[in-house]
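S.K.: Pasting a structure below so you can have a look.
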Amino acid sequence: MQHTVHKKCPVCGSSRIRHDLKCRDHLVSGMVFPVDKCLDCGLGFTQHIPSGDVMGTFYKSENYVSHTDTRKGMVNQLYHRVRTIMLSRKQKLVEQYTRERKGKLLDIGCGTGYFISHMQKAGWEVHGVEPDPDARKLAEKLIKQPVSDVEGLFQLENAGADVVTMWHVLEHVEDPASYLARIHALLKDGGYFIAAVPNHQSFDAKVYKEYWAAYDVPRHLWHFSPDSIRKLTEAQGFRLVGKQRMPFDSFYVSILSEKNKKRSFALFLGAVNGGLSYLQSLVNINKSSSLIYIFRKY
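The following block contains the structure:
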């Protein structure tokens, strides 16, 4: 198995890298992966990343809910309830910035298609991109139209989209700069790119350290800070125009983190730390467990 090891920061090019944590894959393999941190821009990145042909095996779990749609267990049921609530909030966010109630929307990493289905019903012309074939089939069944694989992303018409979204996807892609360059080309002038990513500078990340569920190694290749994602997107022609908290993530991630620690009363303890994390985010949005970033093409 070949592994990718970064000698310099992939975002800012700095060689000032610190060995930060060793995190375990709690979902599939039980393997341990180093997470290093750039001391200049704050980007965290997983080291010893498996090669592309092997990486797919690390997604093969019934509990990988964004791909399987499983509802087994209390935590997965919580995920589905929160997702349902967030669909209308995401729609409101898109329409708040675009000032449109109809337009062309591309969702990269659409999973099983719930978001694009919701936006389709709201009157938007939607297109989804999803690398996982099983999730792609579920999405196609839901929206009753084809969903592209990753290669299809590079065959779409340039300057055709009003909005491109990536909900907890950017941290998974092997080369985020090339994705952002492609997204920039796909957007109309003045179009919006909306991305949700975990924040490794959050309160709950500091509490749980190597057990923090949003490290999710090796599936999460990149661990963004507000500063590092801003620098990455600015280099590809985007301007940050807004940020929003994802309040439920504080609770969901904290509960999963307690499960990673195999502690008793994980639901209760996770809810307590999730509440503390959310309160911290009200004081400083940059301490949020996850953040939604709104960028505009310029």
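Under my numbering, residues -9 to 288 are what the sequence shown spells out, in order. Using N, Cα and C, we set each Cβ at its ideal position, and we do this for glycine too. The structure displayed is predicted, hence computed values, not measured ones.
Scan the region 11 to 53 and note each continuous beta strand (DSSP E) run of 3 residues or more that stays entirely inside, going in chain order.
M.R.: If we require 3 residues or more, the beta strand (DSSP E) runs fully inside the region 11 to 53 come out as 22 to 28, 34 to 36.
S.K.: Cutting at 6 Å between CB atoms, please list the residues of its own chain near residue 218, excluding the five before and the five after it.
M.R.: Here the question's residue 218 lines up with position 228 in the sequence shown. Result list for residue 218: 1, 31, 32, 33, in chain order.
S.K.: Is residue 123 buried or exposed, if buried means 16 or more other CB atoms sit within 10 Å of its CB?
M.R.: Working through the sequence shown from its first residue, we reach residue 123 at position 133. Exposed, because fewer than 16 other Cβ atoms sit within 10 Å of the Cβ of residue 123.
S.K.: Please work out which residues of its chain come closer than 7 Å, Cβ to Cβ, to residue 39, disregarding the five sequence neighbours upstream and downstream, and give them in chain order.
M.R.: To locate residue 39, count along the sequence shown from 1; it is residue 49. Taken in chain order, the residues that qualify are -7, -6, 208, 211.
S.K.: Grouping DSSP H, G and I as helix and E and B as strand, with all else coil, what is residue 146?
M.R.: For the purposes of this step, residue 146 is identified with residue 156 of the sequence shown, where counting begins at 1. Coil at residue 146, not helix or strand.
S.K.: Taking the straight line between their C-alpha atoms, what separation do you get for residue 246 and residue 263?
M.R.: Taking the first residue of the sequence shown as position 1, residue 246 is located at position 256. Taking the first residue of the sequence shown as position 1, residue 263 is located at position 273. If you take the alpha carbons of residue 246 and residue 263, they lie about 11 Å apart.
S.K.: What residue range does the beta strand (DSSP E) around residue 155 cover?
M.R.: Indexing the sequence shown from 1 puts residue 155 at position 165. First-last of the beta strand (DSSP E) with residue 155: 151 to 157.
S.K.: What whole-angstrom Cβ distance do residue 173 and residue 159 have, given they're in contact under 8 Å?
M.R.: Walking along the sequence shown from the start, residue 173 turns up at place 183. Walking along the sequence shown from the start, residue 159 turns up at place 169. The pair is not a contact, with the Cβ atoms about 11 Å apart (cut-off 8 Å).
S.K.: Determine the extent of the alpha helix (DSSP H) in which residue 117 is found, giving its start and end residues.
M.R.: Along the sequence shown, one-based indexing puts residue 117 at 127. Run containing residue 117: none in the alpha helix (DSSP H); it sits in the beta strand (DSSP E), 115 to 119.
S.K.: Of the choices -4, -2, 37, -3, whose alpha-carbon is the least far from that of residue 11?
M.R.: Your numbering for residue 11 matches position 21 in the sequence shown. It is 37.
S.K.: How should residue 205 be labelled, buried or exposed, when 16 other C-beta atoms within 10 angstroms of its C-beta is the threshold for buried?
M.R.: For the purposes of this step, residue 205 is identified with residue 215 of the sequence shown, where counting begins at 1. When all chains shown are included, residue 205 counts as buried.
S.K.: Since residue 77 contacts residue 282 with CB under 8 Å, what's their CB separation in whole angstroms?
M.R.: Here residue 77 is taken as the residue at index 87 of the sequence shown, counted from 1. Here residue 282 is taken as the residue at index 292 of the sequence shown, counted from 1. Actually they are not in contact, since the Cβ atoms of residue 77 and residue 282 sit about 14 Å apart, beyond 8 Å.
S.K.: What number of angstroms, rounded off, separates the C-alpha of residue 49 from the C-alpha of residue 72?
M.R.: Along the sequence shown, read from residue 1 onward, the residue named residue 49 stands at position 59. Along the sequence shown, read from residue 1 onward, the residue named residue 72 stands at position 82. Each residue's Cα considered, the two are about 22 Å apart.
S.K.: Looking at C-beta atoms only, is the number of pairs between the region 193 to 204 and the region 163 to 172 that lie closer than 8 Å three or more?
M.R.: The answer is no - the region 163 to 172 does not touch the region 193 to 204, with fewer than three Cβ pairs under 8 Å.
S.K.: Do you know whose CA, among 42, 125, 252, lies nearest residue 52's CA?
M.R.: Your numbering for residue 52 matches position 62 in the sequence shown. It is 125 whose Cα lies nearest to the Cα of residue 52.
S.K.: For residue 192, I'd like the list of residues in its chain whose CB is within less than 7 Å of its CB, leaving aside the five on either flank, ordered along the chain.
M.R.: On the sequence shown, residue 192 is found 202 positions in, with the first residue counted as 1. Closer than 7 Å at Cβ, skipping near neighbours: 267, 277, 278, 279.
S.K.: Mind checking who residue 188 pairs with in its DSSP beta bridge?
M.R.: Here the question's residue 188 lines up with position 198 in the sequence shown. Per DSSP, 280.
S.K.: Could you tell me which of 238, 249, 90, 178 sits nearest to residue 17, measuring between CA atoms?
M.R.: Looking up residue 17 in the sequence shown gives position 27. Among 238, 249, 90, 178, the Cα nearest to that of residue 17 is on 249.
S.K.: What did DSSP end up calling residue 226 once you bin it into helix, strand or coil?
M.R.: In the sequence shown, counting from the first residue as 1, residue 226 sits at position 236. Residue 226 falls in the coil class under three-state DSSP.
S.K.: Are there three or more Cβ pairs, one per stretch, closer than 8 Å when the region 130 to 137 is compared with the region 172 to 191?
M.R.: The region 130 to 137, when compared against the region 172 to 191, does not touch it at the 8 Å Cβ threshold.
S.K.: Can you tell me whether residue 124 is helix, strand or coil according to DSSP?
M.R.: As a working note, residue 124 is residue 134 in the sequence shown. Note: residue 124 maps to helix in three-state DSSP.
S.K.: Give the list of continuous alpha helix (DSSP H) stretches no shorter than 4 residues that lie fully inside the region 78 to 107.
M.R.: Runs found: none.
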